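*Asks:*
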Amino acid sequence: MNSAAEKVDPEKVVLWAGGHEGHDVISTRTFGFWLYILSDGMLFATLFAAYGVLSYTHSYYTGPTPAQFVAPWYTFIQTMALFLSVLAYGFSMTALKHGNRAGVINGLLAASVLGVVFLGLDIHDVLRLFGVHITPRTSGGLSAFYVLTQVHAAHIFFGLIWMLVMIYQVMRKEFTEEVIGRLISLRMFWQFQAVMWVFIYVFVYLWGYMS
Amino acid sequence: MLVNLPGPWNPWLGRLALSEIPYTNPILAPLFVVVVVLVLLMVAGITYYGKWGYLWKEWLTTVDHKKLGIMYIILGLVMLFRGFIDGLMMRTQQAMAVGPHASGMMGAVHGYLTPFHFGQIYSAHGMIMILLAATPLLVGIMNIVIPLQIGARDMAYPYLNALGLWITAAAVVLVMASLFVGDFAHNGWFGYAPIFELAYSPGVGVDYWIWTFQLVALGTTLGSINFIATIVKMRAPGMKWLRLPMFTWASLSANIIALTSFPCLQVAIGLVAADRYLGTHFFTAGFGGNLMLYTNLFWLWGHPEVYFVILPAFGMISEIIPTFSEKPLFGYVTMVLATFAIAGVSWLVWLHHFFTMGMGPYVSTEFSVATMLVGIPTGVKVFNWAFTMYRGRLTYTAAMYWALGALFLLLVGGLTGMMLSIPAINYMVHNSVFVVAHFHMMLLCIVYAIFGSVIYWFPKVFGYTLNEAWGKTMFWLFSAGTALVFIPMFMEGFMGMTRRLDWPFDPHWAPYLDIQMLGILAYVLSILAFVVMLYVSIRDRAQHRAAADAWGTSRSLEWLTASPVPFYNFAVVPQVNARDEAAWRREHGLSAQRASHYDAIHMPNNTGNAIIIGGLTFVLGFALTWRIWWLSLISLLAIIAMMISHSAKGDPGHVIPAEEMERMDREAERAMPRADLPRHSGGVLGGAIAYDSGAAGAGSRNLRGAPDHRP
Ligand code: HEM
Ligand SMILES: [Cu+2]
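Going line by line, the protein sequences match chains A and B.
Under the UniProt record's numbering, think of the first position of the first sequence as 1, with each following residue one higher.
Under the UniProt record's numbering, think of the first position of the second sequence as 1, with each following residue one higher.
1) Expressed to the nearest angstrom, what Euclidean distance is found between the alpha-carbon atoms of A:H152 and A:Q193?
2) Taking 8 Å as the limit between beta carbons, can you name the residues of its chain near A:L119, skipping five residues before and five after?
3) Taking only three categories from DSSP, how would you classify B:T365?
4) Counting only Cβ pairs nearer than 7 Å, list the residues of chain A close to B:M661.
5) Closest to B:G99 by C-alpha separation, out of B:R666, B:D514 and B:F196, would be which residue?
6) Leaving aside the five residues before and after B:P322 along the sequence, list all residues of the same chain whose C-beta is less than 7 Å from its C-beta, in chain order.
7) Would the C-beta of B:H303 count as close to ligand 2, meaning under 6 Å from any of its heavy atoms?
8) 7 Å is my cut-off, CB to CB: does A:S39 come that close to chain B?
9) Sort out for me which residues DSSP pairs A:W16 with in a bridge.
10) Which residue spans inside the region 617-662 of chain B form an unbroken alpha helix (DSSP H) run of at least 4?
11) Output the distance between the C-alpha atoms of B:I689 and B:W470, rounded to the nearest integer angstrom.
12) Assuming B:F262 and B:T220 form a contact by the criterion Cβ under 8 Å, report the distance between their Cβ atoms to the nearest whole angstrom.
13) Find out if the Cβ-Cβ distance for the pair B:G653, B:N609 is shorter than 7 Å.
14) Just checking my contact of A:W16 with B:Q575 at CB under 8 Å: how many whole Å lie between their CB atoms?
15) Counting pairs of Cβ atoms below 8 Å between the region 392-407 of chain B and the region 442-457 of chain B, do you hit three or more?
16) Does A:K12 pass the burial test, meaning 16 or more other C-beta atoms within 10 Å, or should it be called exposed?
17) Can you tell which of B:L620, B:A578, B:L409 and B:V333 has the C-alpha that lies nearest to the C-alpha of B:A480?
18) What residues from chain B crowd round A:L35, counting only those whose CB sits closer than 7 Å?
19) Would you list the one or two residues that DSSP bridges to B:S432?
20) Quick one: give me the first and last residue of the alpha helix (DSSP H) that A:H124 is part of.
21) Of all the options B:I256, B:A550, B:Y277 and B:T295, which has the alpha carbon lying nearest to the alpha carbon of B:V309?
22) Compare the C-beta of A:Y51 with all C-beta atoms of chain B and state if any pair is closer than 7 Å.
23) Interface residues of chain A around B:G289 at Cβ under 7 Å?
24) Would you kindly work out how many angstroms separate the C-alpha atoms of A:V179 and A:L108, rounded to a whole number?
25) According to DSSP, what are the bridge partners of B:R545?
26) DSSP beta-bridge partners for B:I601?
27) According to DSSP, is A:G41 part of a helix, a strand, or is it coil?
28) Count the other CB atoms within 10 Å of the CB of B:L16; is the residue buried (16 or more) or exposed (fewer)?
29) For the region 36-49 of chain B and the region 534-553 of chain B, state whether three or more C-beta atom pairs, one from each stretch, are separated by less than 8 Å.
30) Pull out every residue of the region 335-358 of chain B whose Cβ sits closer than 8 Å to any Cβ of chain E, in chain order.
31) I need the straight-line Cα distance from B:D207 to B:L215, nearest angstrom please.
32) Name the chain A residues that come within less than 7 Å of B:T221, Cβ to Cβ?
33) Taking CB distances under 7 Å as the criterion, tell me whether B:F282 reaches chain A.
34) Helix, strand or coil: how does DSSP classify B:N161 here?
35) Below 9 Å on C-beta distance, what does B:K233 contact in chain A?
36) Name, please, each residue of chain A whose Cβ falls closer than 8 Å to the Cβ of B:Q593.
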């Protein structure tokens, strides 16, 4: 590495970084949130692994298997609701670039309404299954089915609360670095949940229907 | 409610009842009195000296990474002590209860602990030592050192940092509460399916275990996000990746492991909770559950976790050894690569914890080979440390003692690990005390590194050095304890003694268990030496005032700023010019150069939110453990409300004007002893082993360059 033989001119060498303060708030925050998303991804990966291990025939303990009760078309409507919600959120972010407060709020409102539709459909589906005694207690396989899908639903639920908070903050506050940072983080969160839903839709609903 | 609970439950108190308090237990009842008296004394003392305001303003609401780090370390040391008492009780029980004719007392057939109580002790011991002692100690040291090593004012998210501490503290309180209200799990620290299912463990013990785990996992994940973001985003100008101090590198890799592996733990334990609370069938013996799924998910986290704790320890050793060898770290780049190689491979070996599951020769072979692969980068590291010392000018300070001790333990632990990684051997010794001795070598390696770094970085944080003689006394006592406890344990392992025996039935084990008691005695003495070291050091602190570079031969950035570190870390952020910036400046005679120009700086404000949320997470954990649904709901809602209100308020922070910065910096400068002379005298062997006799003329040698350019 450096050797003392190399001469350094004490007059010229820069030892102190004057004026070096403000690390970029938004980029630091979004990076941190991206790390959180990474850990959330591991959470889902583990749940998928558990679902995979518990989807053998014997995991259903002679009870119903997903092939007998999932409704891919019904869930397809959920998929559309979530995708449109992400799209609406995207519109809100475009409005943000133009500093258009009304556009941001409308986009967020539309996104949350569509999110509520998704969640409502999910709850309705769960109640339908409970009605015919298909519950998490039926078998290990169904435990995995419910926990995987409902952990995702819980993420959507907290995302919706967050969205309401952001609507309120956008209405009340300026577009400060903090508010913008949060809007970007929420967008990451929302898109990530949509991606996770794609996996759930494919592996749990479509695949489950066909197997 | 929700599941068919054996035993009473009512809507207001859940499963809580007066009979859950073990006031008839001859060990716990007096202990409870002692704890209550101690707490009352503390409260009275704080009130008497009128320190509540100080405590609240300076500590409980702080977001300063150094103070949070100190609190993490105190928490860790307290839990290290608690875990040690558990260990002491287990050793005493086994020494008393050995053989068929061992008598019993206090309700036990053999020894003085009933099997039920003994089971709780070993479960609590393991969980506490790994998650509530080692982890907080490491996180605490990372908290203090990382921002200083990279030239940052604080962590990337100071508030999140405080939140992590208080959630960890909540976990500590929860596990301590299990001593006095209800009982703790008896399923071992990692749990077995289906013994932890409600049908076989109907009490609240497993629930305490679940929620303690969940809280630490949450706190540690938050912390890991913070560390990674800090290292990536907050480095001072010129701190390029390949100039990063080794400890920071090691912490980065460790926290990447934590970030990605703790979610697996959360899921594994969360599914146990689902089984127990919702009646699902993930790990039940019937209804399509899968017992080995649990073990797989747990060790999928468990093995990366062991590297999460050892990598920072490697980083600490990599800081201490170069400082006291007066040479740069040998093979820096290979060290970085080895660190990340270990972190990567740590994901591919989890199955070696249960070869006996019987997954067939091909799978076993893969995991056996992968496990052995870890030895390569680890070997690289050991050789790098050895070459760092080779022809260095070694000084045997107390910190160096601990670092070298850690190397020996790493060797023993690593080689026994290699033995265990061979399935044929593993089938013989799995679940014997040989395994226990193996991982204690590893975990003690971490503890050694921690003690070394506490001594090493203490002057940076508090402004004076710890007493060397007592530090070394403690080292020898502690090492005597380690040898006397664990060498016989390896031998017992070969004699077929299985782990977790409340009654070691074979009288041939008796002499070994007795020797271990001597080891426990040595450990007790070493704790006393530790206390004396603290006392003597605090008493004599005026004589041992440290300069900015407390050891005179330190290398990395943290040694440029004043000791004790002011709350703003660096009055002016340094421009980094070399890998070992402090050493580079010293070698070029630039150490005395001060900044000529100061700027105003922006610092975050304190907040009480973090400790309140931490308290609420404890309430949540406690309410869930006892199935008090209304309280769980209220505390959860309160946590969400606190988070929303915190987000609404934001933190404007405060600005410290440039003149104020200049004044404070001058003051910190004046308070320190003038010359950066090495404080250490060379130790017992130092003069004899040091590379040249120049060691005696201590005053001048730190001005010379690193010895690597000498013939
Ligand atoms: C060269 C590196 C290592 C190898 C080859 C290795 C190998 C092994 C193997 C094969 C086992 C399973 C033994 C059994 O249960 O039959 C094991 C257990 C264990 N190892 Fe290591 N190990 C290594 C490093 C570490 C490190 C660095 C740590 C911790 C810091 C550690 C902590 C543990 C723990 C805690 C257990 C047992 C946990 C339990 O059963 O409660 N090991 N090791
Ligand atoms: Cu392992």
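Quick reminder that beta carbons are idealized off the backbone N, C-alpha and C, glycines included.
Since we're looking at a predicted model, the values are computed, not measured.
*Replies:* Answer, in terms of the structure:
1) The alpha-carbon atoms of A:H152 and A:Q193 are separated by roughly 7 Å.
2) A153, I156, F157 and L160
3) helix
4) In chain order: nothing, as chain A lies at least about 11 Å away.
5) B:D514
6) Correct list, in chain order: P328, L329, T388 and R555.
7) yes
8) At least one chain B Cβ lies under 7 Å of A:S39.
9) DSSP lists B:P574 as the beta-bridge partner residues of A:W16.
10) 629-649
11) For B:I689, the predicted structure reports a pLDDT of 35, less than 50, and the residue's modelled location is therefore unreliable. A value from the coordinates is still provided. Cα to Cα, B:I689 sits roughly 22 Å from B:W470.
12) Right, the Cβ-Cβ distance comes to about 6 Å (below 8 Å), so this counts as a contact.
13) no
14) 6 Å
15) yes
16) exposed
17) B:L409
18) I225, I228, A229 and L259
19) B:T498
20) R101 to G131
21) B:I256
22) no
23) G140
24) Straight-line Cα distance between these residues: approximately 14 Å.
25) B:Y464
26) B:I656
27) helix
28) buried
29) The region 36-49 of chain B makes no contact with the region 534-553 of chain B: fewer than 3 CB pairs, one atom from each, lie closer than 8 Å.
30) You won't find chain E in this structure, because its protein chains are A and B.
31) 12 Å
32) Within 7 Å Cβ-Cβ: S39.
33) yes
34) In the structure shown, the three-state DSSP call for B:N161 is helix.
35) H23, D24, S27, T28, F31 and G32
36) P10 and L15
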